[in-house]
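*Asks:* Next up is a structure, given as structure tokens.
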Amino acid sequence: MGNDVISIEHASKTFRTGFLYRKVEAVRDVTFSVEEGDIFGFLGPNGAGKTTTIKMLMGLIFPTGGTLSIFGRPHTDIASRAALGYAPEQPYFYEYLTGSEFLDYYGQLFGVPSAERRRRIPLLFEMVGLRNCADLALRRYSKGMLQRIGIAQALVNDPRLLVLDEPMSGLDPIGRREIRDLILALKKRGKTIFFSTHILPDVEMICDRVAIIVKGELRRLGRIDEFAELESEETEVCFRGLSAEAIGKLSGETGAPVVRGTLAYFSLPSRDRAQSFIGEGQAGGGSLVSLTPRRRSLEDVFMSEARK
Amino acid sequence: MNMGKIVAIAYNTFRESIRDKILTGVLLFVALIIISSVATVQLTVGQWMRLTTDVGLGSISLFGVLLAVFLGISLVFKEIDRKTVYTIVSKPVRRSQFLAGKYIGLLLTIVVNAALMLLVLLATLAYVSRQEQNPYLGIFQAWLLMLSEFMLVTAVAVFFSTFSSPVLSAMFSIGIWIIGHLLSDIRFWGEKSMSEAVRIATDVIYYVMPNLELLNVRSRVTYHIPIGWDYVGWTSAYAMAYTLMILVAAAFIFSRRDFK
Ligand SMILES: Nc1ncnc2c1ncn2[C@@H]1O[C@H](COP(=O)(O)OP(=O)(O)O)[C@@H](O)[C@H]1O
Ligand SMILES: [Mg+2]
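Chains as they are written, first to last, in the working numbering: chain A, 1 to 308; chain B, 1001 to 1260.
Right, here's the structure in full:
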């Protein structure tokens, strides 16, 4: 508990919207914590409640229930925000400022001394890949550049904890890769990173822990290697030249295969059955093309939670 | 309270407004009105002075109040609408500090604008005549009281904008501005009314609403009736106290609202 940088207990948020004050339960009884030094991925499809949770944590909206704390202090205590950097989902900034005026202003709000600001700001532009954009007005920045300066502003106080809401959205694959590398580099420097995303492939290899939220409820929580279904023994077997009759017979065990030309791909639920299954296929006139253990990805877990 | 953060926010607010071309437009427009009042008709020097003073003070007052209302209602709204408030409120900055900084920055903008308009007026008057009667002291006092009015009206606009839409805030603020200038009339009607309820209602309005007519000494200036510094002093103090009260209420509401 002592190392928990973020701790969220039974947080709920109900919005009242529209003319009839209809209730929208955006977040329901969410509990989890983030440990010092971790990269924590907060995953969920659009509308799951990620942004709402983050906004509660940042003190932008007030929870309907539950308690949230940062560095062991209540999240509404402004002292809890001194070592915190936050990049919101949609980066709209003061368009009449230049990039460096903007970072300088935010540095002042953290009380960073001016000599330190002058030293640090050029490094930040370098770090987020905006080398020659310091004197450009923010209204001339593209969406991707705004996303990057959004991360730069979150680093202006050299925070211990970084909270990023959808840092990869609005970026092309190269940009996403760069942000991922930046997150890893920041972790190496001892920072804790908590970020939300609905784009999964980028996430699996960098997160120490993840939480999956769907429809306002926390569905999964833990280290990725603890997710049992990721270790499934599903095995893919491919034959060439099976007769339709043989395919029909083999499907009894596995369900219909994916057929491409003369190739038929079966997926076996367990590796133990592979030996005899191959035998049956060969007996049916097929020749074995490949035998591939299929590791399920986090995306599969995510998809199955999202469908429930 | 950390003044450094408030100053940074105020400076940024001021910087935003001076980079906005609309303000320059307003300023040029008012300058044009004042200067053209000289060229209107053939008048004696005394009449010219009177007309220019009248038109000048009147337009500074009107455009100052318009700036106060329209910049005031969008002051907070724009930051919420563009979500810039997200990255500020999540920093070690109190919401009340943010509001104070924004307010001070806006007030500074309005004061600088009003000062430039005043300069145009004084320069115009100095050009028209080398006068026997010196109206400048009165004009300056009237201008100071206008600043008090701008300060108060800005606070009213900011107050409404902390919980309602810009359009509603503008309507409420302009409503209060109009009522604030008509308080003695309203009370007069109330006292003549037959209905007890109307009398009580007008009394309540009289005591609760800011009495903005106290801050209007323009006709006295036009007719060279001296204004004492003690009058300027206590009416400014009244406006300041009222402003402070409204701002505290605005900060109270602003600190409790969700940024959706
Ligand atoms: N201000 C609001 N008023 C009403 N409903 C909202 C508001 N903000 C979010 N919601 C609803 O709450 C749910 C979660 O939204 P959000 O937290 O933005 O999801 P995510 O960030 O995971 O995509 C959505 O159904 C959304 O429509
Ligand atoms: Mg979101």
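We treat Cβ as the ideally placed atom computed from N, Cα and C, and that holds for glycine.
A quick note: this is a predicted structure, and the numbers were derived from the prediction, not measured.
(1) How many Å lie between residue 84 (chain A) and residue 225 (chain A) at the Cα?
(2) Are there three or more Cβ pairs, one per stretch, closer than 8 Å when the region 1003-1013 of chain B is compared with the region 106-113 of chain A?
(3) What would DSSP say about residue 39 (chain A), mapped onto helix, strand or coil?
(4) Quick check on residue 1 (chain A): buried or exposed, where buried means 16 or more other Cβ atoms within 10 Å of its Cβ?
(5) On the criterion of 16 or more Cβ atoms from any shown chain inside 10 Å, does residue 147 (chain A) qualify as buried, or is it exposed?
(6) Would you call the CB atoms of residue 1166 (chain B) and residue 1077 (chain B) closer than 8 Å?
(7) Determine whether the Cβ of residue 6 (chain A) lies closer than 8 Å to any Cβ atom of chain B.
(8) If you draw a straight line from the C-alpha of residue 1109 (chain B) to the C-alpha of residue 199 (chain A), how long is it?
(9) Of the residues that make up the region 61-83 of chain A, which ones have a beta carbon closer than 9 Å to any beta carbon in chain B?
(10) Beta carbon of residue 93 (chain A), beta carbon of residue 123 (chain A): below 8 Å?
(11) If the cut is a Cβ gap below 9 Å, which residues of chain A does residue 1002 (chain B) touch?
(12) Just the C-alpha distance for residue 1047 (chain B) and residue 1053 (chain B), rounded to the nearest angstrom, thanks.
(13) Candidates A:177, A:279 and A:282: which alpha carbon is nearest residue 129 (chain A)'s?
(14) Show which residues of chain A have a CB atom less than 7 Å away from the CB atom of residue 1096 (chain B).
(15) Applying a beta-carbon distance threshold of less than 8 Å, which residues of chain A neighbour residue 1016 (chain B)?
(16) Answer yes or no: do residue 1147 (chain B) and residue 1217 (chain B) have a C-beta to C-beta separation smaller than 8 Å?
(17) Check whether the region 1019-1034 of chain B and the region 1188-1199 of chain B are in contact - that is, three or more C-beta pairs closer than 8 Å.
(18) Using the C-alpha atoms, what's the distance from residue 1253 (chain B) back to residue 1219 (chain B)?
(19) Taking 8 Å as the threshold (C-beta atoms), are residue 1075 (chain B) and residue 1161 (chain B) in contact?
(20) Against chain B, does residue 21 (chain A) count as a neighbour if the rule is that its beta carbon must be under 8 Å from one of theirs?
(21) State the DSSP-derived secondary structure class of residue 1181 (chain B), mapped to helix, strand or coil.
(22) Looking at C-beta atoms only, is the number of pairs between the region 209-227 of chain A and the region 13-32 of chain A that lie closer than 8 Å three or more?
(23) Given a threshold of 16 other Cβ atoms within 10 Å of its Cβ, counted over all protein chains shown, does residue 1135 (chain B) qualify as buried or as exposed?
(24) What residue ranges within the region 200-258 of chain A form continuous alpha helix (DSSP H) runs of no fewer than 4 residues, ordered along the chain?
(25) Any residues whose CB sits closer than 6 Å to a heavy atom of ligand 1? List them in chain order?
(26) Give the list of continuous beta strand (DSSP E) stretches no shorter than 3 residues that lie fully inside the region 12-64 of chain A.
(27) What is the rounded straight-line gap between the Cα of residue 88 (chain A) and the Cα of residue 134 (chain A)?
(28) Quick check on residue 1088 (chain B) - is its C-beta less than 8 Å from some C-beta in chain A?
(29) Whose C-beta lies closer than 6 Å to the C-beta of residue 1071 (chain B) among residues of the same chain, with five residues either side of it excluded?
(30) Have a look at A:48, A:71 and A:45 and flag the residue whose alpha-carbon is nearest the alpha-carbon of residue 57 (chain A).
(31) Within the 8 Å Cβ cut-off, does residue 88 (chain A) reach chain B?
(32) Would you say residue 165 (chain A) touches ligand 2, meaning its beta carbon is less than 7 Å from a heavy atom?
(33) Are the region 184-200 of chain A and the region 9-17 of chain A in contact at 8 Å, needing three or more beta carbon pairs?
(34) Please classify residue 194 (chain A): does DSSP put it in a helix, a strand, or coil?
(35) Residues of chain A with CB closer than 8 Å to the CB of residue 1258 (chain B), please, in chain order.
*Replies:* With the given structure in hand:
(1) As a working mapping, residue 84 (chain A) is identified with position 84 in the first sequence. As a working mapping, residue 225 (chain A) is identified with position 225 in the first sequence. Roughly 28 Å separates the two Cα atoms.
(2) yes
(3) Residue 39 (chain A) sits at position 39 when you count from the first residue of the first sequence. Three-state DSSP puts residue 39 (chain A) in a strand.
(4) Within the first sequence, the letter at position 1 stands for residue 1 (chain A). Residue placement at residue 1 (chain A) is flagged as unreliable, the pLDDT there being 49, under the threshold of 50; the coordinate-derived value follows with that caveat. Its Cβ having fewer than 16 others within 10 Å, residue 1 (chain A) is exposed.
(5) Position 147 of the first sequence holds residue 147 (chain A). Result: buried.
(6) For the purposes of this step, residue 1166 (chain B) is taken as residue 166 along the second sequence, with counting starting at 1. For the purposes of this step, residue 1077 (chain B) is taken as residue 77 along the second sequence, with counting starting at 1. Cβ atoms of residue 1166 (chain B) and residue 1077 (chain B): closer than 8 Å.
(7) Start at 1 with the first residue of the first sequence, and residue 6 (chain A) comes out as number 6. Output row for residue 6 (chain A): interface = no.
(8) Taking the second sequence and counting its residues from 1, the one referred to as residue 1109 (chain B) is at position 109. Taking the first sequence and counting its residues from 1, the one referred to as residue 199 (chain A) is at position 199. Roughly 45 Å between the two C-alpha positions.
(9) 61, 62, 78, 79, 80, 81 and 82
(10) Taking the first residue of the first sequence as 1, we reach residue 93 (chain A) at position 93. Taking the first residue of the first sequence as 1, we reach residue 123 (chain A) at position 123. The Cβ atoms of residue 93 (chain A) and residue 123 (chain A) do not sit closer than 8 Å to each other.
(11) Indexing the second sequence from 1 puts residue 1002 (chain B) at position 2. Under the 9 Å cutoff, chain A gives 111.
(12) Against the second sequence, residue 1047 (chain B) aligns to sequence position 47. Against the second sequence, residue 1053 (chain B) aligns to sequence position 53. For residue 1047 (chain B) and residue 1053 (chain B), the distance between alpha carbons rounds to 10 Å.
(13) The residue given as residue 129 (chain A) occupies position 129 in the first sequence. Residue 129 (chain A) has its Cα closest to that of A:177, out of A:177, A:279 and A:282.
(14) Indexing the second sequence from 1 puts residue 1096 (chain B) at position 96. Within 7 Å Cβ-Cβ: nothing; residue 1096 (chain B) doesn't reach chain A, min ~11 Å.
(15) Position 16 of the second sequence holds residue 1016 (chain B). In chain order: 94 and 96.
(16) If you number the second sequence from 1, residue 1147 (chain B) lands on position 147. If you number the second sequence from 1, residue 1217 (chain B) lands on position 217. The beta carbons of residue 1147 (chain B) and residue 1217 (chain B) sit no closer together than 8 Å.
(17) no
(18) Along the second sequence, one-based indexing puts residue 1219 (chain B) at 219. Along the second sequence, one-based indexing puts residue 1253 (chain B) at 253. It is roughly 38 Å from the alpha-carbon of residue 1219 (chain B) to the alpha-carbon of residue 1253 (chain B).
(19) For this step, residue 1161 (chain B) is matched to residue 161 along the second sequence. For this step, residue 1075 (chain B) is matched to residue 75 along the second sequence. Using a Cβ distance threshold of 8 Å, residue 1161 (chain B) and residue 1075 (chain B) count as a contacting pair.
(20) Against the first sequence, residue 21 (chain A) aligns to sequence position 21. No, its Cβ sits nowhere closer than 8 Å to a Cβ of chain B.
(21) The sequence position of residue 1181 (chain B) within the second sequence is 181, counting from 1. Residue 1181 (chain B): helix per DSSP, three-state reduction.
(22) yes
(23) Residue 1135 (chain B) sits at position 135 when you count from the first residue of the second sequence. Counting Cβ neighbours within 10 Å, residue 1135 (chain B) comes out buried, since at least 16 surround it.
(24) Counting only runs of 4 or more, we get 244-254.
(25) Result: A:15, A:17, A:24, A:26, A:44, A:46, A:47, A:48, A:49, A:50, A:51, A:52 and B:1260.
(26) 22-35 and 39-43
(27) Here residue 88 (chain A) is taken as the residue at index 88 of the first sequence, counted from 1. Here residue 134 (chain A) is taken as the residue at index 134 of the first sequence, counted from 1. Straight-line Cα distance between these residues: approximately 21 Å.
(28) The residue labelled residue 1088 (chain B) in the question sits at position 88 within the second sequence. For residue 1088 (chain B), the answer is yes, since a Cβ of chain A falls inside 8 Å of its Cβ.
(29) As a working note, residue 1071 (chain B) is residue 71 in the second sequence. If we look at residue 1071 (chain B) and ignore the five residues flanking it on each side, its Cβ neighbours are 1106.
(30) The residue labelled residue 57 (chain A) in the question sits at position 57 within the first sequence. Nearest option by C-alpha distance: A:71.
(31) For the purposes of this step, residue 88 (chain A) is taken as residue 88 along the first sequence, with counting starting at 1. Interface residue, yes.
(32) Looking up residue 165 (chain A) in the first sequence gives position 165. Flag set: Cβ of residue 165 (chain A) near ligand 2.
(33) Output reads no: the region 9-17 of chain A does not touch the region 184-200 of chain A.
(34) As a first step, residue 194 (chain A) is located in the first sequence; it is residue number 194 there, counting from the start. Strand at residue 194 (chain A).
(35) Walking along the second sequence from the start, residue 1258 (chain B) turns up at place 258. The contacting residues are 60, 61 and 62.
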